[in-house]
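Residue numbers (the numbering used here): 1 to 304.
Glycine is no exception: its CB is placed at the ideal position from the N, C-alpha and C atoms.
As the structure is a prediction and not an experimental result, all values here were calculated from the model.
Let me begin by presenting the structure, written as structure tokens, before commenting on it.
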């Protein structure tokens, strides 16, 4: 996923992935006030890594402190600023998700996407492609670069919510999932919701490929850095899908088998509601042509 990073830099990307899993798992079983407290602990550890953590504090604080000390010694200040900003949004988005879970609040698709674009954690991950870079703000805020980042975020949301749906519905924690929300909001069957997601995914892939072709040239070393960054964004989207099949997080030891067949059956759900049990086609990213009954809720990024 990060082929250009050295061993120590790559370790930092693994550390932040593990840290996000720890925070995610704790937030899933914690009340909102506790999750907001964890957000404060994590951000304080990042802002003050030289300060020892208080005795008896949640372990995430010390994990974060050690992680950031390693990062600070092998990365640029511009990377650090951008990571901190995007990481804070991820943490606060996850705390908002905990609020929604506590209140049993199911969002509409547009409202869901506002939060999900933070909780998916793509932007902090993309920042690691810039560990050794000092890209100017004017470059990273260019409409084409912003479009590519937004498309990568939305592509990852769709893929993750399709691939994680089975695990989440089985645990009764599928209300923060695009597939569940589409099923409720549009009265779709599970297969219809997955097919809809595949169509939207295909359209966003087309837009991504179009945007790559019109990335501006600034001249000098910036052009090489931007080429590396844009290449990294594209790698992230595909690598995340591959990881989802290989990591056993969503499919256990059957990931590669499901990747090949694109078929899975639902796990038993904790919910009492009647649900379809499959088999279902998953991760089918082939477009099937226009269909007016499917809502276009993702804003198509144009004008780059």
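Within the same chain, 129 come within 6 angstroms of residue 229 by CB-CB distance, once the 5 residues on both sides are set aside. The beta carbons of residue 84 and residue 233 sit no closer together than 8 angstroms. Burial state of residue 263 is exposed, judged by a 10 Å Cβ sphere holding fewer than 16 other Cβ atoms. Non-local C-beta neighbours of residue 240 in its own chain, meaning closer than 6 angstroms and more than five positions away in sequence, comprise 156, ordered along the chain.
Here the segment 205-222 lies against the segment 133-153, with 3 or more beta-carbon pairs under 8 angstroms apart.
When secondary structure is reduced to three states using DSSP, residue 267 falls in the coil class, being assigned neither helix nor strand. Taking the Cα of residue 267 as reference, the smallest distance to any Cα among 256, 81, 252, 39 is reached at 252. For the segment 132-161, the full-length alpha helix (DSSP H) segments reaching 4 residues or more read 137-140 along the chain. With the rule of 3 Cβ pairs closer than 8 angstroms, the segment 3-15 counts as touching the segment 64-73.
In the assembly as shown, residue 47 is an exposed residue. Its beta-carbon has fewer than 16 other beta-carbons within 10 Å.
Of the residues assessed, residue 206 falls on the exposed side of the cut-off, its CB having fewer than 16 other CB atoms within 10 angstroms.
Contact annotation: the segment 48-57 does not touch the segment 88-100, with fewer than three C-beta pairs closer than 8 angstroms. A Cβ-Cβ separation of about 5 angstroms places residue 134 in contact with residue 76 under the 8 angstroms criterion. The segment 54-142 is shown to contain whole alpha helix (DSSP H) runs of 4 or more residues at 60-72, 77-102, 109-119, 122-127, 137-140, in chain order.
In this structure residue 153 touches residue 122 by the C-beta definition: roughly 5 angstroms separates them, less than 8 angstroms.
Sequence-distant partners of residue 112 (beyond 5 residues in either direction) whose C-beta falls short of 8 angstroms from its own C-beta, in its chain, are 176, 178, 181.
The Cβ neighbour count for residue 65, taken over all protein chains shown within 10 Å, is at least 16; the residue is labelled buried.
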